[in-house]
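Under my numbering, think of the first position of the sequence shown as 414, with each following residue one higher.
Backbone N, C-alpha and C fix where the C-beta goes; we use that ideal spot for every residue, glycine too.
Keep in mind that this is a model prediction, so the values were computed, not measured.
Below is one structure, written out as structure tokens; the observations come after it.
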Amino acid sequence: MTALPEIHLPAAPGSRVDAVVDAVLQPILSGDWPPRHRLPSEHALAAQHGVSRAVIREAIARLKSDGYVETRQGKGAFVAAAPGGNSFKLAEEPEADLLELRALIEADCAALAAERHTLADLQALRAAQAAMQRAIDQGGLGLNEDIRFHDLLAAAAHNPALRRFAAFVGRHAREAMQLARLSRLRYENRLAEIDAEHDAIVAAIAARDPAAARAAVLRHISNGLKRLGLPPRFN
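Given below as structure tokens:
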């Protein structure tokens, strides 16, 4: 049986569908529920979140409309093969343009996170950093852990719409992120640089300094462009 995330929903009746949408999106965006993963049943979700099955059906319908979930007659709801693919379309954009778009979105996420984050947000960001370092120490690139870090950064802004859009752009920038990591075959110590840049982002958020958090993200993306051999766009 699928384990459900421990998420507490707000009590206001008008926010229940929105809260369920955000709760179901969390494991999808983080990768805990991968594409084609079967969601818990309506009954299980309703019991977990303390809402009616009508609320669950409305939330699933919205997620389906946005392209995060697909339903199969008699089988239930599943994570879509390309979650969020119907929400917004990006053509085959150059890596530099995708990274620039990602920078503009994540800079705002970081600034908001500096103002709104909770202790749990900070702990999650630091745990993601530690997981990334373990992956690198074991000979990996830490790409999945990096994606997790950036999703948690967006989550710390406490704006579900912004988080969903940041996750969508982040998925399209995945190839560029991988190329930046593979550049360590040509340059020494690049993964250590990325870790230090993440440290600067988290430190600025912890200090509740929106300007510093924004600058740290822009510096991180600009350095990512340089690691790809492309001219930086944020100086």
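Backbone CA spacing between residue i and residue j [nearest angstrom]
i	j	result
Ala-516	Leu-631	6 Å
Ser-635	Arg-603	14 Å
Leu-556	Phe-581	16 Å
Cys-522	His-450	28 Å
Leu-554	Ala-548	7 Å
Leu-538	Arg-466	33 Å
Ala-626	Ala-567	12 Å
Arg-646	Arg-576	23 Å
Ala-524	Gly-487	44 Å
Gln-439	Trp-446	9 Å
Arg-640	Ala-459	47 Å
Asp-510	Ile-614	22 Å
Leu-638	Leu-514	12 Å
Val-437	His-571	15 Å
Ser-454	His-462	12 Å
Leu-512	Gln-546	23 Å
Integer-rounded CB distance, given that residue j should sit under 8 Å from residue i
i	j	result
Ile-518	Phe-562	Not a contact, Cβ separation roughly 15 Å.
Ala-493	Leu-452	Contact flag wrong, Cβ pair sits at about 11 Å.
Glu-558	Ala-544	5 Å
Ile-469	Val-433	6 Å
Pro-448	Ala-495	7 Å
Gly-583	Ile-560	6 Å
Delimiting residues of the alpha helix (DSSP H) encompassing residue i
i	result
Val-482	From DSSP, Val-482 is part of no alpha helix (DSSP H) but of the beta strand (DSSP E) over 482–485.
Gly-489	It is not in any alpha helix (DSSP H) - Gly-489 instead sits in the beta strand (DSSP E) that spans 489–492.
Gln-461	455–462
Phe-562	556–568
Gln-536	532–550
Ser-478	466–478
Pro-623	623–640
Arg-646	It is not in any alpha helix (DSSP H) - Arg-646 carries neither H nor E in the DSSP assignment.
Proximity of residue i and residue j at Cβ, strictly below 9 Å
i	j	result
Asp-534	Ser-443	no
Ala-629	Ala-617	yes
Ala-472	Pro-623	no
Arg-429	Val-464	yes
Asp-431	Pro-573	yes
Gln-542	His-611	yes
Ala-457	His-530	no
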